[in-house]
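Take a look at the structure below.
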Amino acid sequence: MWELDFISEEDFRHHVQMTIEHYGEKLAPYNLTKFNNNIVDPIKLIFDKTVYNYSWDEIIKNEIFRQRDKANNNDIGYFHQRIFQYMDGCIVPQAGWDVIFTKDDGIEMPECGKVKTVYVEMKNKHNTMNSASSGKTYIKMQDQLLKDDDCVCCLVEAIAKRSQNITWQVTVDNEKHKHRRIRRVSMDEFYKIVTGQPDAFYKMCMVLPSVIEEVVQASDTVKTPNDTVISELKEIAESKNGSFALALYMLGFGSYIGFGG
Numbered sequence: 000m001w002e003l004d005f006i007s008e009e010d011f012r013h014h015v016q017m018t019i020e021h022y023g024e025k026l027a028p029y030n031l032t033k034f035n036n037n038i039v040d041p042i043k044l045i046f047d048k049t050v051y052n053y054s055w056d057e058i059i060k061n062e063i064f065r066q067r068d069k070a071n072n073n074d075i076g077y078f079h080q081r082i083f084q085y086m087d088g089c090i091v092p093q094a095g096w097d098v099i100f101t102k103d104d105g106i107e108m109p110e111c112g113k114v115k116t117v118y119v120e121m122k123n124k125h126n127t128m129n130s131a132s133s134g135k136t137y138i139k140m141q142d143q144l145l146k147d148d149d150c151v152c153c154l155v156e157a158i159a160k161r162s163q164n165i166t167w168q169v170t171v172d173n174e175k176h177k178h179r180r181i182r183r184v185s186m187d188e189f190y191k192i193v194t195g196q197p198d199a200f201y202k203m204c205m206v207l208p209s210v211i212e213e214v215v216q217a218s219d220t221v222k223t224p225n226d227t228v229i230s231e232l233k234e235i236a237e238s239k240n241g242s243f244a245l246a247l248y249m250l251g252f253g254s255y256i257g258f259g260g
């Protein structure tokens with residue numbers, strides 16, 4: 000029995016599938032060339048291995064995960080944003096705003112009463128905007144309020160410091176600005192605004208792991224990558240009658256004096 004009444008099971012599964020497909024080439028196996036594409040820091044890896052008491056396999060797998068994870072943030076942003084295209088009253092424009100939510104009989108907002116439309120700029124994490132980016136976004140929202148006096152503009156954060164729906168205060172040109180219809184909203188509160196259900200985001204999170212697993216298992220294209228970095232490094236170590244550490248050093252220092260350069 001499907002537990003979410005604000006998005007159909009079919010739409011949710013499709014959205015999970017599309018998000019996984021956005022991983023694209025990041026699902027490709029890592030060989031040594033790909034692993035060292037931006038030149039890893041061998042000394043850092045050796046420090047980390049020893050200080051954290053990792054094995055060589057663990058430290059290499061962690062570095063591969065770090066590289067993949069760095070590229071995956073945009074894909075998760077896709078998940079957070081585009082899921083709203085399947086919810087009543089929401090559109091996800093190609094440009095301009097990340098989400099626009101409209102309700103003819105009004106949307107109740109703290110300090111604002113009822114408004115017809117909520118315009119959303121969405122961020123994955125609360126600390127991803129610097130002061131210049133915050134100022135630019137705030138000015139964009141001020142401009143929207145001038146165009147539409149029956150709206151609220153929200154900065155919605157997937158990973159906020161806390162659950163919140165508060166007035167957003169920023170500093171622009173060394174002056175503090177705030178407006179009750181320019182708000183900072185956590186993702187759970189935005190789900191509540193759109194669905195009318197206080198625990199809608201929680202419910203989505205509870206069904207997500209099983210749906211991801213089912214989609215991955217049913218897919219012919221999503222496979223666990225068979226990374227070859229560790230075996231290639233072991234081959235280098237054996238060919239040089241040296242240690243694994245020496246093979247790792249060769250990635251960053253292969254042309255340096257004493258390492259073969």
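Just so we're aligned: the sequence shown equals residues 0 to 260 in numbering that gives the first Met the number 0.
Just so you know, even glycine gets a beta-carbon here, dropped at the ideal spot from N, CA and C.
Keep in mind that this is a model prediction, so the values were computed, not measured.
Original post:
So who's on the other strand from N164, going by DSSP bridges?
Top reply: V184
Original post:
Quick one, are the C-beta atoms of R183 and V151 less than 8 Å apart?
Top reply: no
Subject >> Boundaries of the beta strand (DSSP E) in which K115 is found, first to last residue >> reply: 112-124
Subject >> Status (buried if at least 16 other CB within 10 Å, exposed otherwise) for M108 >> reply: buried
Original post:
In this structure, does DSSP put L154 in helix, strand or coil?
Top reply: strand
Original post:
Per DSSP, C204 forms a beta bridge with which residues?
Top reply: DSSP output for C204 lists no bridge partner at all.
**OP:** Name the two residues that bound the continuous beta strand (DSSP E) containing E107.
**Re:** 98-108
Original post:
Starting from L232 and walking both ways along the alpha helix (DSSP H), at which residues does that stretch end?
Top reply: 228-238
Original post:
Under the DSSP definition of a beta bridge, which residues are partnered with V171?
Top reply: E174
**OP:** Along the alpha helix (DSSP H) that carries G251, what are the first and last residues, could you check?
**Re:** 243-252
Original post:
Can you name, in chain order, every residue of its own chain whose Cβ lies under 8 Å from the Cβ of I19, other than the five neighbours on each side?
Top reply: I211, V214, V215, S218, V221
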